[in-house]
Amino acid sequence: MQLSTSKAFRRKAALTVTAAMALVGFSATTASANWSSYISSWTDGDRSREWTDSGTYSQVQFRSCFAQYGTTKQVVVKMWKIDTWTPNDDLGNKTFTNCFNGSSSWSNGQWTNVPTGEHTLQFEADKVAQGGSCCLLNVAEVYVDTSQAD
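Here the working numbering is used: position 78 in the sequence shown is 119, and no number is missing along the way.
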């Protein structure tokens, strides 16, 4: 009987550790403050990773944009305040066009209506080129800045 109790204990402990690791892994998807990345083959509705912020400002910049199959050179970027218990808050859209003008061209969107307090943000490619999920957005460099000071 001692052997099966020990085996059951080890199984329960392993399950507890696995669950704790999964919870930590899930929490690690949220990054904080400034970060950079790129976009490959996004279409309408695709979203960035989430990040935490405690300010009232957030900025998204794209460099060197290309919309495969697009007939218009633009992407509408929407900012979201993520809320666990209620619907997410739409903080508005910015239309990026300049980043389509070459490999060193940047588009810049600034959101100054971010609510006060610590919260989670995320941006979305709301409409790529002419929209309708026609096109695949590629961006060589994405930069997110949460400090208005610079």
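The C-beta atom is built at its ideal place from N, Cα and C for all residues, glycine as well.
Note that this is a predicted model, so its numbers are computed, not measured.
- Per DSSP, the unbroken beta strand (DSSP E) holding A166 starts and ends at H160 to V169.
- Note that the C-beta distance between T153 and T97 is below 8 Å.
- When only Cα atoms are considered, A170 and S99 end up about 23 Å apart.
- Residue pairing by DSSP places L178 opposite W83 and A108 in a beta bridge.
- One thing to note: A166 has its Cβ within 8 Å of the Cβ of V116.
- In the DSSP annotation of this structure, G96 is not part of any beta strand (DSSP E), being labelled neither H nor E.
- Here N142 carries a helix assignment [DSSP, helix/strand/coil].
- By the CB criterion at 8 Å, Q163 and R88 fall inside the cutoff.
- Membership of K122 in the beta strand (DSSP E) is indicated by the continuous run V116 to I123.
- A Cβ-Cβ separation of about 24 Å leaves Q102 out of contact with S174 under the 8 Å criterion.
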